[in-house]
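Numbering (the numbering used here), first residue to last: 2 to 173.
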């Protein structure tokens, strides 16, 4: 058998695995370059809403946002602040049969390729002793996350019993 024939025979044996490895390397490099590996994609959210405190009720209110996670890596909402300062508590409603109770939590999970949809029946951002607010007012919030950068969002003040309509805050 000649040397050329022997080289062609070896190439037929090692060529497909080497070609597959090279293709895999190119695909993985592209996946990493577009953010598909090594780091989570940041969470996203639009405007939220805030309950208008009612006269004679406890001096507190709650804010609600829907946060979407477009990536595969789970994230968590870990903090919140607003333009008026003061303490904001992350809360979750714990269901216990027909009853339930609210409990502060350190974080709210946002699953990969999922969302956290805060609602009065589930989770919210509790704000104690808010300043006077008026229906229709837009308020600035900053939400902090375990993996994603902070989100700077607005929430519209709505009277109790009102659910938000998809609107955008005025340009600032």
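Where is the CB? At the ideal position from N, CA and C, for every residue including glycine. Note that this is a predicted model, so its numbers are computed, not measured.
Closest to residue 151 by CA distance: which of 42, 14 and 166 is it? Put simply, of 42, 14 and 166 the residue whose alpha carbon is nearest the alpha carbon of residue 151 is 42.
Start-to-end residues for the beta strand (DSSP E) that takes in residue 149: Membership of residue 149 in any beta strand (DSSP E) is not indicated, and neither H nor E is assigned to it by DSSP.
In this structure, how does DSSP classify residue 17 when only helix, strand and coil are distinguished? Collapsing the DSSP output to three states places residue 17 in a helix.
Can residue 146 and residue 44 be called in contact, C-beta distance under 9 Å? Cβ distance < 9 Å, so residue 146 and residue 44 count as in contact.
Where does residue 138 sit, in a helix, a strand or coil, going by DSSP? Note: residue 138 maps to coil in three-state DSSP.
Between the CA atoms of residue 73 and residue 113 - distance to the nearest angstrom: Residue 113 and residue 73: Cα-Cα distance of roughly 4 Å.
In the DSSP output, what is residue 104 paired with across the bridge? When beta bridges are read from the DSSP output, residue 104 appears opposite 93.
Sort out for me which residues DSSP pairs residue 65 with in a bridge. DSSP lists 50 as the bridge partner or partners of residue 65.
From residue 126 to residue 66, what distance separates their C-alpha atoms? So the alpha carbons of these two residues sit roughly 9 Å apart.
Suppose contacts are defined by Cβ-Cβ distances below 9 Å. Is residue 53 in contact with residue 156 by that definition? 9 Å or more divides the Cβ of residue 53 from the Cβ of residue 156.
Distance, Cα to Cα, residue 164 vs residue 138? So the alpha carbons of these two residues sit roughly 15 Å apart.
Beta-carbon within less than 6 Å of residue 71's beta-carbon, same chain only, minus the 5 sequence neighbours each way: which residues are those? Only 42 meet the Cβ criterion.
Using the C-alpha atoms, what's the distance from residue 14 back to residue 124? If you take the alpha carbons of residue 124 and residue 14, they lie about 60 Å apart.
So, with DSSP's three-state summary, where would you put residue 84? Residue 84 falls in the coil class under three-state DSSP.
Short of 8 Å in beta carbon distance, which residues of its chain neighbour residue 108, apart from the five on each side in sequence? Order them along the chain. Correct list, in chain order: 77, 78, 79, 91 and 147.
Relative to the C-alpha of residue 57, which residue among 106, 159, 130 and 144 is closest? Closest by alpha carbon: 130.
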